[in-house]
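Novice:
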DNA sequence: CGAAAGGTTGACAATGCTCAACAACTGTGG
DNA sequence: CCACAGTTGTTGAGCATTGTCAACCTTTCG
């Protein structure tokens, strides 16, 4: 946690047992990605998996643990761009690039599979081989980025946090865990950075939701007490798939008529 | 502009001359995507290319014109998710899905190439065939979504608009046009929706930038008078690729020490 | 046990939104 | 070609949400 960055990267690549014994095998985004036996990496809480600017040599699949990807801005601010959970791939955003475009850091003790990438071949040679496996993962990534965009553009603080909690809940549910009581692996500051709020606002909104009886928070332990109500809050500014396709709502130019506004 | 949605889609698919005569041929994201001769579509200002929920039958490459992709939210608000310019692909975000996940609407009179997609095969059969061509486009899309995410999460109104203008300028420059004087094809409201602000704020910030002498605005006509100064404003909260990787700045856990904050 | 990190809460300020009036431009029909 | 209506853009005043600064509490971990 206080180790110099290099330490994390040189972590002993002890060979872990392969997918057969992996708890994430079903539903793993890396399933069948490479045939050769994979190496593993272990990270302790706070250790970096890779740094921005490092040469891209591998893609990682999480076996156990949680990882955040993040960047820093010109004026020293930190921006979390993603949280990654067991079965997910880390490093996808850098796949076509020679060097990583973000940091990846373990939020807790974490074990990962290393999926080696032929240096430089990512965008070209690897494409045919990987694409059928990678496509779903890329698609997933794109869809999530897209959801983030609409969330950041037009949600209030409350809506953002409720949405975030429901995303977390869905993630836990997908992995067979309770979706109504779970532990957040990240700090308030990291949550805030991710959803575009300050840590104080995150804390306040959590308190407010708790007062209302919708959730229950103690430290990083969260209970969703009224999921239907939460869903309503979160889905207020969410995309409506088929909003009356026959009305002229779809046509542009007439958009000014509607009371369209942001936030 | 006031036509029923169906009209736009049934626009006469008059066969346009192929890539040889296309002004966008160099740098076109669709270059070499499909061998067969392509059909074309023409849209007039305000006409939809496709509607959310329509079955995905094609990908489109813009020959001339500008297209916006947008969605509507549960409470009736509109969210612009992308502006698309000549040489770019439209419909990528829906490529792996059976139905379009957004609207696409022409912002001005527009001509497009139709790249037919075997229904349902997008995610599977098409993958090997298309991937090598599609990869750059998907990568580009991912990178842009990512930039949007950081912009929406931590930029002020001024920073967002300057960034937007510079993006536009880069786009024009890449197509051989002046990057210091150009015409915005979209309304203030559409710009605002895209960058997460209200149209009033957009207007006000433009005025303020004009007062400062950094830009010059009349209607939709924009001149960038002091691009270096604009760059400084925009890059203030922008990702720094290699921020002193050796200092402890990269390590997490110590992040609390730095005055990291959002917005 | 004590220090450090993380979380909560309060007071205040400011950015950006809402409502509203008005001005400028576009396009259309007489 | 002009006048009008409709649309788009500008500007102002007030307000609300959220950020800032700061103090204090709680948990964790050495």
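Chains as they are written, first to last, in my numbering: chain U, 8 to 270; chain C, 8 to 270.
By construction, the Cβ of each residue, glycine as well, lies at the ideal position given by its N, Cα and C atoms.
Fair warning: this is a prediction, and the values are worked out from it, not measured in the lab.
#1: In terms of DSSP beta bridges, what is residue 75 of chain C paired with?
#2: Give me the chain U residues within the contact set of residue 148 of chain C, using Cβ-Cβ distance strictly less than 7 Å, ordered along the chain.
#3: DSSP three-state label for residue 17 of chain U, please.
#4: Hey, would you say residue 173 of chain C sits closer than 8 Å to residue 241 of chain C, going by beta carbons?
#5: Considering only the alpha carbon of each residue, which of U/185, U/85, U/89 lies closest to residue 205 of chain U?
#6: Who pairs with residue 171 of chain U in a beta bridge, going by DSSP?
#7: Which residues in chain C have a C-beta closer than 7 Å to the C-beta of residue 155 of chain U? List them in chain order.
#8: Cutting at 7 Å between CB atoms, please list the residues of its own chain near residue 236 of chain C, excluding the five before and the five after it.
#9: Quick one, are the C-beta atoms of residue 88 of chain U and residue 111 of chain U less than 8 Å apart?
#10: By how many angstroms is the C-alpha of residue 116 of chain U removed from the C-alpha of residue 213 of chain C?
#11: Taking residue 72 of chain U as the query, report the chain C residues whose CB atoms sit under 9 Å from its CB, ordered along the chain.
#12: Considering only residues of the same chain and omitting the five flanking positions on each side of residue 199 of chain C, which have a CB-CB separation below 6 Å?
#13: Sort out for me which residues DSSP pairs residue 121 of chain U with in a bridge.
#14: Quick check on the DSSP output: the beta strand (DSSP E) that includes residue 189 of chain C runs from which residue to which?
#15: Distance cutoff 8 Å, beta carbons only. Does residue 181 of chain C sit that close to anything in chain U?
#16: So if I threshold CB-CB distances at 9 Å, which residues from the region 100 to 125 of chain C count as touching chain U?
#17: Taking one C-beta from the region 53 to 73 of chain C and one from the region 98 to 110 of chain C each time, how about it: are there three or more such pairs within less than 8 Å?
#18: Leaving out five residues on either side along the sequence, give the residues of the same chain with a beta carbon under 6 Å from the beta carbon of residue 114 of chain C.
#19: State the Cα-Cα distance for the pair residue 163 of chain U and residue 171 of chain C, rounded to the nearest angstrom.
#20: I'd like to know whether the C-beta of residue 217 of chain U is nearer than 8 Å to at least one C-beta of chain C.
#21: Going by the beta-carbon positions, is the gap between residue 145 of chain C and residue 99 of chain C smaller than 8 Å?
#22: Using only alpha-carbon positions, find the residue among C/120, C/78, C/91 that is nearest to residue 48 of chain C.
#23: Taking the alpha-carbon of residue 158 of chain C as reference, which of C/201, C/143, C/188 has the nearest alpha-carbon?
#24: Tell me, please, whether the CB atom of residue 212 of chain C is closer than 8 Å to any CB atom in chain U?
#25: Check whether the Cβ of residue 78 of chain U lies closer than 8 Å to any Cβ atom in chain C.
#26: Do you know how far the Cα of residue 70 of chain C is from the Cα of residue 93 of chain C?
#27: Within the continuous beta strand (DSSP E) that includes residue 55 of chain U, where are the two ends?
#28: Please tell me whether residue 191 of chain U has its Cβ less than 8 Å away from any Cβ of chain C.
#29: For the candidate residues C/156, C/167, C/188, whose alpha-carbon lies nearest to that of residue 223 of chain C?
Specialist: Well, looking at it:
#1: C/90, C/112
#2: 149
#3: For residue 17 of chain U, the predicted structure reports a pLDDT of 41, less than 50, and the residue's modelled location is therefore unreliable. The matter cannot be settled from this model.
#4: Yes, they are a contact pair.
#5: U/85
#6: Beta-bridge pairing links residue 171 of chain U to no other residue.
#7: 156
#8: 221
#9: no
#10: 48 Å
#11: Going along chain C, no residue has its Cβ under 9 Å from residue 72 of chain U, so there is no contact; the nearest lies around 14 Å.
#12: 205, 206, 209
#13: Answer by DSSP bridge pairing, in chain order: U/46, U/67.
#14: 188 to 190
#15: no
#16: 100, 102, 103, 104, 106, 108, 109, 110, 112, 113, 114
#17: yes
#18: 73, 75, 192, 193
#19: 22 Å
#20: no
#21: yes
#22: C/120
#23: C/201
#24: no
#25: yes
#26: 5 Å
#27: 55 to 57
#28: no
#29: C/188
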